[in-house]
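The numbering of the sequence shown is the numbering used here, which starts it at 36 and goes up by one.
Where is the CB? At the ideal position from N, CA and C, for every residue including glycine.
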Amino acid sequence: MTQVKFSRRPLEASFNNLVDDLFAEMPGLFRNGSQWKGYAPVNIRETEKSYSIDVVAPGFKKTDFKVNLDQDVLTISAEKEEEEKNETGKEIRKEYSYRSFKRSFTLDEKIDGNAIEAKYVNGVLTLNLPRKEEVKTASKDISIQ
């Protein structure tokens, strides 16, 4: 299973961009304060029978997620609408908000796309991607006539 890579910016000479270029393969997690900007961190585990993808996305509901498999590309996305609150007080500080995100992964032919399962528990979306069972040809003795 391979992850779809993000495009890389051209290398710039300034020191501030040097640090960014060292981590160019990882999208900016906290580029806008402490808010996600179109990105959710994932952990991918491999076992003998399956792959497991954990997407860290606290504060969302199950209905906010969309998981789509189109040919061999698995896309996980979530979008949460900002709720309008009619409060008389003013916000003094707002450090977080829920942002939409979208992650795509290219699946190899070893994964059974029809058996993918997903569950959302305690802020973590877990997808189980079982491997296809390999069909082994039975050996047989051929008689010589």
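Candidates the options: closest to residue i by CA position
i: S87; options: S174, I177, L164; result: L164
i: E152; options: N78, S85, Y74; result: S85
i: G148; options: L162, D176, K97; result: L162
i: K137; options: T123, E168, K115, K175; result: K115
i: V159; options: G94, E81, T82; result: G94
Neighbourhood of residue i by C-beta distance below 6 angstroms, restricted to the same chain and skipping five residues each side
i: P76; result: V91
i: V102; result: I111, A153
i: L109; result: F140, L142
Buried/exposed call for residue i, threshold 16 Cβ in 10 Å
i: I127; result: exposed
i: I177; result: exposed
i: I146; result: buried
Cβ-based neighbour list, residue i, same chain, cut-off 8 angstroms, excluding 5 preceding and 5 following
i: D99; result: A113, E114, K115
For residue i, the three-state DSSP class (helix, strand or coil)
i: K154; result: strand
i: D176; result: coil
i: D99; result: helix
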